[in-house]
Amino acid sequence: MRAKALFIDVLYCSKLAVQSVGLVTQTAMKRRKAKLAFKKTLISQGVPPKVANEIAKEYPNPLTEIVSLIKNST
Numbered sequence: 446m447r448a449k450a451l452f453i454d455v456l457y458c459s460k461l462a463v464q465s466v467g468l469v470t471q472t473a474m475k476r477r478k479a480k481l482a483f484k485k486t487l488i489s490q491g492v493p494p495k496v497a498n499e500i501a502k503e504y505p506n507p508l509t510e511i512v513s514l515i516k517n518s519t
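Residue numbers for the sequence shown follow my numbering, so the first one is 446 and each next one is one higher.
This is the structure in structure tokens:
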């Protein structure tokens, strides 16, 4: 019985690992797309491209925020 429970736990953990890799990739792609849209909006509103690039560099990255939260909590 313990072997079956261990096997099921391993399957769930591997499923979670695969899903988390997919979520990280998806989040990175969506962030890049949103950052580009933000920069284009700034430029269309009259902000010079160099300034828009500097402002867009400060666009938040949720992945680094999550990692820093995890590091600070342990």
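Even glycine gets a Cβ: it sits at the ideal position worked out from N, Cα and C. Since the model is a prediction, treat every value here as computed from it, not as a measurement.
Whether residue i touches residue j by CB criterion (8 angstroms)
i      : j      : result
Pro507 : Thr472 : yes
Lys478 : Ala501 : no
Lys438 : Tyr504 : Because the chain here runs from 446 to 519, residue 438 falls outside it and cannot be looked at.
With 16 other Cβ atoms within 10 Å as the buried cut-off, status of residue i
i      : result
Ala497 : buried
Where in the stretch 480-509 do unbroken runs of the alpha helix (DSSP H), each at least 4 residues long, occur, reported from the N-terminal end onward?
-> Counting only runs that start and end inside the stretch 480-509, the alpha helix (DSSP H) elements of at least 4 residues fall at 494-502.
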